[in-house]
Amino acid sequence: MESSGGRAEGSGRGPRVLVVGSGIAGLGAAQRLCRHPAFQQLRVLEATARAGGRIRSERGFGGVVELGAHWIHGPSQGNPVFQLAAKYQLLGEKDLSEENQLIETGGHVGLPSVSYASSGVSVSRELVVEMASLFYSLIDQTREFLHMADAPVPSVGEYLKKEICQHAAGWTEDEETRKLKLAILNSFFNVECCVSGTHSMDLVALAPFGEYTVLPGLDCTFPGGYQGLTNCIMASLPEDVIVFNKPVKTIHWNGSFQEALSPGERFPVLVECEDRTCFPAHHVIITVPLGFLKEHLDTFFEPALPPQKAEAIRKIGFGTSNKIFLEFEEPFWEPDCRHIQVVWEDMSPLEDVTCGLQHVWFKKLIGFFVLPSFASVHVLCGFIAGLESEFMETLSDEEVLLSLTQVLRRVTGNARLPAPRSVLRSCWYSAPYTRGSYSYVAVGSTGDDIDLLAQPLPEEGAKAQLQILFAGEATHRTFYSTTHGALLSGWREADRLIALQDPQAQLPGPWL
9 MESSGGRAEG SGRGPRVLVV GSGIAGLGAA QRLCRHPAFQ QLRVLEATAR AGGRIRSERG
69 FGGVVELGAH WIHGPSQGNP VFQLAAKYQL LGEKDLSEEN QLIETGGHVG LPSVSYASSG
129 VSVSRELVVE MASLFYSLID QTREFLHMAD APVPSVGEYL KKEICQHAAG WTEDEETRKL
189 KLAILNSFFN VECCVSGTHS MDLVALAPFG EYTVLPGLDC TFPGGYQGLT NCIMASLPED
249 VIVFNKPVKT IHWNGSFQEA LSPGERFPVL VECEDRTCFP AHHVIITVPL GFLKEHLDTF
309 FEPALPPQKA EAIRKIGFGT SNKIFLEFEE PFWEPDCRHI QVVWEDMSPL EDVTCGLQHV
369 WFKKLIGFFV LPSFASVHVL CGFIAGLESE FMETLSDEEV LLSLTQVLRR VTGNARLPAP
429 RSVLRSCWYS APYTRGSYSY VAVGSTGDDI DLLAQPLPEE GAKAQLQILF AGEATHRTFY
489 STTHGALLSG WREADRLIAL QDPQAQLPGP WL
């Protein structure tokens, strides 16, 4: 194995630090460390040809589309992503307004502008509002089991279904309307699967569900693309800090490694890359997605992780949520339409799907958001989660386009609706260094597992401290699944190293 040295070596230049992954957690950690004089020997190893990780903006349809992170969730003073975006002047005036920052959404997706049923008729607004109100009041109730000794059932899904059963028993309408109400509720279950990044709410643990913290503010987007934020952070780093196309194979730790260029120096960690180059280091911050860690748990660490840490990685949930963008010659929707809901009348949250995925995958699609930033181009963005989303990745663009054209013709009742001009979609499950979208607290796990994952190695008392540190959205107990959780986790681990190196250091407030 060839050993690859740092830029200007020598033990007098502070500890050598490697950051694995250049998503917002890795970039945030690197930016924080680079500002401290003790960390002049820093490298970020990125498996792919680009930085940003699950923040991925691409040019398409004459504008920018978000294949990854879409919104700033809770854009207000307590959100570091909002603070940075404001500092870098990446947001619109309305999104920066005091008024927007004070709106309490409860973390719920806004009501659709229009709801189409699979029989080709519009669903009455009144019915949609009634079911949304029921569903979201139940979601709010699920957050109240946090500090109770015993949750009534293991999962959020089971709790919701039990409550809906009781409500449905009191509905007095005709059978067709009662079925339609359940179908509308099923659509909201699908939305919640997208929000939680899970296949089913039956997989999401009930007791810890309320630990996720919703910040105030009306969710907003980046007019010029979310990646503008990671680009700004990247631009603040010294040149050549990030090494691209450098996938890491194994992290050798708790060792005593040497390097030809620094013969007198010993390093406790050696990072071995897929191309066999090796980077010795004093500290390594791992920021790779939990999906990647799950897949490579047996080979990524040498020696293997302590059993408790490995168990936490296995237990925490990690699912897939994808987007499908459709471009149209002309809009078939009204000018003020922002969100189209699709309701499948034969679906109910109280019944399990028995058909094969290939026949029904599109029924998991929650509908479409109208992309606002395209003047002369008309684009819808569909969201889909779970196994159906992963199955969609195996189809060709043509198959996806055909299926969704048929869906739209069916629900609008217009058999001659022109097919979309083009399709673009994310495929996060197939992405080899991601293997899904984001984390959730799964049945059988709790917030303690997230804290366990975030604990550095080796555990207390070792001679060489903080050899391996862990950051990324899945390591933040209250903001998992978000970009602000990821950024805060990167800052947290950078601060841990700064405090070790310089115990007197005045650490910046968490928002700088």
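In the numbering used here, each residue carries its 1-based index in the sequence shown increased by 8.
Heads up, the beta-carbon is just placed ideally off N, CA and C, and yes, glycines get one too.
If you're wondering where the values come from, they're calculated on a predicted model, not measured in any experiment.
>> Between the alpha carbons of Ala-38 and Lys-317, how many angstroms are there, rounded?
In response: 24 angstroms
>> Helix, strand or coil, according to DSSP, for Leu-305 in the structure here?
In response: helix
>> For Val-222 and Ser-264, I'd like the C-alpha separation in whole angstroms.
In response: 44 angstroms
> Grouping DSSP H, G and I as helix and E and B as strand, with all else coil, what is Gln-414?
Replying inline: Here Gln-414 sits in helix by DSSP.
>> Tell me which residue opens and which closes the alpha helix (DSSP H) that Glu-74 is part of.
In response: First-last for Glu-74: 71-74, but that is the beta strand (DSSP E), not the alpha helix (DSSP H).
> If Leu-388 and Leu-432 are in contact, beta carbons under 8 angstroms, what's the gap, nearest whole angstrom?
Replying inline: Their Cβ separation, rounded to whole angstroms, is 11 angstroms, which puts Leu-388 and Leu-432 out of contact at 8 angstroms.
>> For the beta strand (DSSP E) containing His-143, name the first residue and the last one.
In response: For the record, residue 143 in the displayed sequence is Phe; it is not His. Under the DSSP assignment, Phe-143 falls outside any beta strand (DSSP E), being part of the alpha helix (DSSP H) whose first and last residues are 133-150.
> Can you check whether the CB of Ala-479 is closer than 8 angstroms to the CB of Gly-498?
Replying inline: yes
>> DSSP three-state label for Asn-330, please.
In response: strand
>> Suppose the cutoff is 6 angstroms on Cβ atoms and the five residues either side in sequence are ignored; what does the same chain contact list for Ala-393 look like?
In response: Cys-201, Cys-202, Ser-329
>> So, does the region 88-105 touch the region 250-263, judging by three or more C-beta pairs under 8 angstroms?
In response: no
> Rounded to a whole number of angstroms, what is the C-alpha to C-alpha distance between Val-277 and Ala-289?
Replying inline: 5 angstroms
> What is the DSSP secondary structure of Ser-445, reduced to helix, strand or coil?
Replying inline: coil
> Would you call the CB atoms of Thr-150 and Leu-190 closer than 8 angstroms?
Replying inline: no
>> Just to confirm the assignment, what range does the alpha helix (DSSP H) spanning Gly-36 have?
In response: 32-42
>> Strictly by DSSP, which residues pair up with Cys-389?
In response: Phe-333, Phe-377
> Are the Cβ atoms of Ala-427 and Leu-403 separated by less than 8 angstroms?
Replying inline: no
> Can you tell me whether Gly-70 is buried or exposed, with buried defined as 16 or more other CB within 10 angstroms of its CB?
Replying inline: exposed
>> For Leu-301, which residues in the same chain have their Cβ closer than 6 angstroms to its Cβ, ignoring the five residues on either side in sequence?
In response: Ile-321
> Who does Ile-241 pair with in a DSSP beta bridge?
Replying inline: Paired residues: none, contrary to the question.
> In three-state terms, what does DSSP make of Val-203?
Replying inline: helix
>> Here's the rule: buried if 16 or more other CB atoms are within 10 angstroms of the residue's CB, otherwise exposed. What is Asp-248?
In response: Note on Asp-248: under 16 other CB atoms within 10 angstroms of its CB, so exposed under the neighbour-count rule.
> Are Ile-111 and Pro-231 touching if we call contact CB-CB under 8 angstroms?
Replying inline: no
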